[in-house]
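Asker:
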Amino acid sequence: MIRHLVLFKLNEGVTRDESRVLAGAKAFEEVGEKVPEVEFWECAWNISDRPIAYDFAINLAVADQDALQRYANHPAHQAAVVQWREFATWVIADYEF
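Start counting the sequence shown at 2; every next residue gets the next number (my numbering).
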């Protein structure tokens, strides 16, 4: 199994309550249901107010590297990524477990 973690940081001046941000969050909330390779899915807004904290997180699991690639290329995932590029940056970690 592979764990895929993504942490998003909203760009300076961008807030969670903006319509484009809400639409981006909704898009990722739906990705887990639309991509068949996803075996575990959760995403949520960060609740920590520490200055080093990121704003939004995705935690998912897939069977293997091929499944991870299919997830990454899936149209639902790509559509969400396009939205987030407009207002955030992110970091990713993939590891086997």
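The C-beta atom is built at its ideal place from N, Cα and C for all residues, glycine as well.
#1: Pairs of beta-carbons, one from the region 60-71 and one from the region 31-41, closer than 8 Å: are there three or more?
#2: What would DSSP say about Tyr-72, mapped onto helix, strand or coil?
#3: Per DSSP, what kind of secondary structure is Glu-13 in: helix, strand or coil?
#4: Tell whether a beta-carbon distance below 8 Å holds between Lys-10 and Thr-90.
#5: For Ala-80, which residues from the same chain have a beta carbon less than 7 Å from its beta carbon, with the 5 sequence-adjacent residues on both sides left out?
#6: Please go through the same chain and pick out, in chain order, the residues whose beta-carbon is closer than 7 Å to the beta-carbon of Ile-48, but skip the five residues on each side of it.
Answerer: On the basis of the coordinates in this document:
#1: Enough Cβ pairs lie closer than 8 Å, so yes.
#2: Tyr-72: helix per DSSP, three-state reduction.
#3: coil
#4: yes
#5: Excluding positions up to five away in sequence, the list reads Ala-28.
#6: none
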